[in-house]
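Heads up: the protein sequence lines correspond to chains R and Z, in order. Numbered per our numbering, the first sequence finishes at 441, counting up by one with no gaps. Numbered per our numbering, the second sequence finishes at 441, counting up by one with no gaps. C-beta atoms are modelled at their ideal positions from N, C-alpha and C, and glycine is treated no differently. Working notes, beginning with the structure itself.
Number of protein chains: 2
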Amino acid sequence: MTIVIHTIQGVRRVMNQMRTAGKTIGYVPTMGYLHEGHLALVEQAKREADIVIMSIFVNPAQFGPNEDFDEYPRDLDRDAALAKEHKVDYIFAPTVEEMYPTEQTIHIIPGAIAKKMCGASRPTHFDGVLKVILKLFNIVQPDYAYFGLKDAQQVAIIETFVHDFNIDVAIRRVSIVREEDGLAKSSRNVNLTEEERQKAPKIYEILREGRARLARGTRLEEVQAYIEEALVKETGGVVDYVSILHYPSLTEPRLGEEMIIACAVQFSKTRLIDNVIVGEDM
Amino acid sequence: MTIVIHTIQGVRRVMNQMRTAGKTIGYVPTMGYLHEGHLALVEQAKREADIVIMSIFVNPAQFGPNEDFDEYPRDLDRDAALAKEHKVDYIFAPTVEEMYPTEQTIHIIPGAIAKKMCGASRPTHFDGVLKVILKLFNIVQPDYAYFGLKDAQQVAIIETFVHDFNIDVAIRRVSIVREEDGLAKSSRNVNLTEEERQKAPKIYEILREGRARLARGTRLEEVQAYIEEALVKETGGVVDYVSILHYPSLTEPRLGEEMIIACAVQFSKTRLIDNVIVGEDM
Numbered sequence: 160m161t162i163v164i165h166t167i168q169g170v171r172r173v174m175n176q177m178r179t180a181g182k183t184i185g186y187v188p189t190m191g192y193l194h195e196g197h198l199a200l201v202e203q204a205k206r207e208a209d210i211v212i213m214s215i216f217v218n219p220a221q222f223g224p225n226e227d228f229d230e231y232p233r234d235l236d237r238d239a240a241l242a243k244e245h246k247v248d249y250i251f252a253p254t255v256e257e258m259y260p261t262e263q264t265i266h267i268i269p270g271a272i273a274k275k276m277c278g279a280s281r282p283t284h285f286d287g288v289l290k291v292i293l294k295l296f297n298i299v300q301p302d303y304a305y306f307g308l309k310d311a312q313q314v315a316i317i318e319t320f321v322h323d324f325n326i327d328v329a330i331r332r333v334s335i336v337r338e339e340d341g342l343a344k345s346s347r348n349v350n351l352t353e354e355e356r357q358k359a360p361k362i363y364e365i366l367r368e369g370r371a372r373l374a375r376g377t378r379l380e381e382v383q384a385y386i387e388e389a390l391v392k393e394t395g396g397v398v399d400y401v402s403i404l405h406y407p408s409l410t411e412p413r414l415g416e417e418m419i420i421a422c423a424v425q426f427s428k429t430r431l432i433d434n435v436i437v438g439e440d441m
Numbered sequence: 160m161t162i163v164i165h166t167i168q169g170v171r172r173v174m175n176q177m178r179t180a181g182k183t184i185g186y187v188p189t190m191g192y193l194h195e196g197h198l199a200l201v202e203q204a205k206r207e208a209d210i211v212i213m214s215i216f217v218n219p220a221q222f223g224p225n226e227d228f229d230e231y232p233r234d235l236d237r238d239a240a241l242a243k244e245h246k247v248d249y250i251f252a253p254t255v256e257e258m259y260p261t262e263q264t265i266h267i268i269p270g271a272i273a274k275k276m277c278g279a280s281r282p283t284h285f286d287g288v289l290k291v292i293l294k295l296f297n298i299v300q301p302d303y304a305y306f307g308l309k310d311a312q313q314v315a316i317i318e319t320f321v322h323d324f325n326i327d328v329a330i331r332r333v334s335i336v337r338e339e340d341g342l343a344k345s346s347r348n349v350n351l352t353e354e355e356r357q358k359a360p361k362i363y364e365i366l367r368e369g370r371a372r373l374a375r376g377t378r379l380e381e382v383q384a385y386i387e388e389a390l391v392k393e394t395g396g397v398v399d400y401v402s403i404l405h406y407p408s409l410t411e412p413r414l415g416e417e418m419i420i421a422c423a424v425q426f427s428k429t430r431l432i433d434n435v436i437v438g439e440d441m
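Below is the structure:
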């Protein structure tokens with residue numbers, strides 16, 4: 160049985176009961192419109208924790224003024240059914256008013272790590288992510304929290320936040336789940352036109368080719384140029400960025416250490432992100 | 160017996176044991192060099208919580224570049240003896256390296272509420288306070304935390320922070336403790352010259368006279384001008400600010416609601432703050 164809770168007080172009460180009973184709590188924060196990527200987070204949470212709680216909240220604070228907050232797909236009934244199928248114990252689905260009853264004037268501002276990649280074109284996005292994540296962590300107080308590596312910069316920033324502020328939650332990274340044709344699963348994929356959807360899998364193909372070239376010793380700048388050019392030519396989208404950086408610090412890459420090759424491509428109605436970690440199985 | 164713990168891991172372990180045993184935790188954050196003001200926090204914590212933990216940490220993040228971080232008085236042995244006398248169960252006394260092992264690049268920035276009063280002359284002070292408070296709350300995870308009203312702006316900002324970010328700690332305000340002659344107890348009082356020490360009690364006298372004039376219906380601007388002038392004339396110090404504001408929002412005062420009359424006075428080697436709440440026993 161999956162119980163849907165709409166209030167902060169309700170979540171606190173149930174989570175306190177679970178803690179008192181000695182249960183460990185696994186937490187899967189989402190914006191809903193669930194796909195196999197989210198469900199992979201649930202699967203891992205089910206394996207590691209006694210109780211799994213998922214939040215479904217499209218957080219206005221992490222959308223910029225010209226971004227797709229209104230168009231972001233929502234379907235709580237469908238999400239609740241999927242969550243039930245995957246044995247999620249609790250869903251926390253608050254309203255915006257429940258989460259932000261008053262205007263918040265205290266802001267959490269990440270530094271350089273939030274200026275790279277998505278941060279360059281979404282300057283306040285990660286402020287909004289940290290704002291809601293601190294609130295949600297304080298409401299749920301989980302033992303483990305699960306984040307997908309598709310949002311690799313988000314994972315890196317949240318890991319830094321948790322480390323720097325001694326937040327007592329273990330962050331678990333979960334690998335990207337992909338469609339058969341390689342496109343990273345995303346709630347935003349439904350906003351692609353049919354033609355865009357056909358070309359979008361090229362993103363992953365090109366990132367992997369870039370990784371292979373790096374492995375063969377091609378210079379970083381050349382690999383970056385290849386990826387940019389190939390994305391424009393083969394996806395028909397507008398390239399927002401291609402970044403090759405050390406992971407998870409998002410500083411200059413260092414030979415022999417973990418790296419990320421990440422990109423964002425803007426299509427007619429939606430913007431997709433994807434990445435590959437260098438060192439991963441190729 | 161008072162046990163002194165120097166590591167984050169050590170505090171976490173003991174606090175987890177206490178929580179598992181069903182004990183409530185009262186927390187008194189301090190920068191040490193304890194005086195009766197701190198001990199009043201301890202007394203209230205002892206009455207309300209099963210276990211009392213005090214932290215002693217002079218937090219560099221809340222001192223500006225030209226402020227008195229180096230001169231701030233420190234004496235852990237004396238503090239531990241006083242804490243023991245007052246039946247504090249645990250002292251958490253970390254080093255700067257334990258609290259800030261790496262440079263922190265994520266900042267917590269309070270808005271307008273931190274620009275008033277002390278925030279005007281100490282522009283990054285409350286960023287540093289919120290940084291260390293979030294860390295300390297996450298390390299200790301107390302049920303109650305005790306703050307003295309001498310730092311009235313700090314109390315107001317921490318209450319806002321806890322409310323806005325759903326931090327699961329009950330904040331307790333504790334009244335100012337004063338010397339016989341009315342001077343608010345402060346670790347900084349030892350840095351007054353003998354002459355300054357003799358004049359410093361005038362601060363409280365003048366604030367009370369201001370409050371009495373307000374109660375008699377004197378206009379706000381006139382009361383403010385009286386206080387400024389009297390402070391200069393009678394304390395010999397330099398007035399940093401005199402503020403009359405709604406409390407705890409620190410916005411414009413509203414007739415019939417709680418107000419604060421607060422000031423800061425700079426002496427030769429140290430800067431003192433004091434305040435009275437309008438509505439309090441006069």
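Check	Outcome
Which residues in the same chain have their Cβ closer than 7 Å to the Cβ of Val247/Z, if we skip the five residues on either side of it in sequence?	Thr161, Val201, Val211 and Met213
Give the DSSP-derived three-state secondary structure of Tyr363/Z in the structure shown.	helix
Quick one: does Thr264/R have its CB under 9 Å from some CB of chain Z?	yes
Does the Cβ of Val255/Z have 16 or more other Cβ atoms within 10 Å, making it buried, or fewer, making it exposed?	exposed
Closest to Arg206/R by CA distance: which of Ile317/R, Tyr305/R, Val328/R and Gly270/R is it?	Tyr305/R
With the cut-off set at 9 Å, would you say Thr189/Z and Ile167/Z are in Cβ contact?	no
What is the rounded straight-line gap between the Cα of Asp286/Z and the Cα of Thr261/R?	21 Å
Could you check where the alpha helix (DSSP H) with Tyr385/R kicks off and where it finishes?	Leu379 to Thr394
Assign Asp327/R to one of three DSSP states: helix, strand, or coil.	coil
Under three-state DSSP, which class holds Gln203/Z?	helix
Helix, strand or coil: how does DSSP classify Ile403/Z here?	strand
Could you name the residues of the same chain whose beta carbon sits closer than 8 Å to that of Arg413/R, not counting the 5 residues immediately before and after it, in chain order?	His405
Using only alpha-carbon positions, find the residue among Lys361/R, Arg378/R and Thr377/R that is nearest to Cys422/R.	Lys361/R
Taking all protein chains shown into account, do 16 or more other C-beta atoms lie within 10 angstroms of the C-beta of Ala279/R, making it buried, or fewer, making it exposed?	exposed
Which residues, in chain order, does the region 385 to 397 of chain R contribute to contact with chain Z at a C-beta distance below 9 Å?	none
DSSP three-state call for Asn350/Z: helix, strand or coil?	helix
Check whether the Cβ of Leu404/Z lies closer than 9 Å to any Cβ atom in chain R.	no
If you compare alpha carbons, which of Glu195/R, Lys428/R and Ala180/R is closest to Arg356/R?	Lys428/R
Could you say which of Asp433/Z, Asp399/Z, Ile432/Z and Gly438/Z lies nearest to Gly415/Z if we only look at CA atoms?	Gly438/Z
Go through its chain and collect everything with a Cβ distance to Leu241/Z's Cβ below 6 Å, but skip five positions before and after it.	Leu193
Got a sec: is the Cβ-Cβ distance from Thr319/R to anything in chain Z below 9 Å?	yes
Measuring only the C-alpha atoms, how far is Tyr303/Z from Thr264/Z?	29 Å
Assign Ser280/R to one of three DSSP states: helix, strand, or coil.	helix
By Cβ distance below 7 Å, which residues in the same chain neighbour Gln425/Z in space, the five residues on each side in sequence not counted?	Gly396, Val397 and Asp399
Taking Cβ-Cβ distances below 8 Å as the criterion, which residues of the region 274 to 289 of chain Z are in contact with chain R?	Leu289
Please compile the residues from chain Z whose C-beta is within a distance smaller than 9 Å of the C-beta of Asp327/R.	Arg171, Asn297, Ile298 and Gln300
Can you grab the Cα-Cα spacing for the pair Ala384/R / Glu393/R, in whole Å?	14 Å
Looking at Leu431/Z and Ile403/Z, is the spacing between their C-beta atoms short of 9 Å?	no
Can you pull the chain Z residues whose beta carbon is under 9 Å from the beta carbon of Ile272/R, in chain order?	Thr264 and Ile265
Going by Cα to Cα distance, which pick from Ile335/Z, Val288/Z, Thr352/Z and His284/Z is closest to Pro224/Z?	His284/Z
According to DSSP, is Leu431/R helix, strand or coil?	strand
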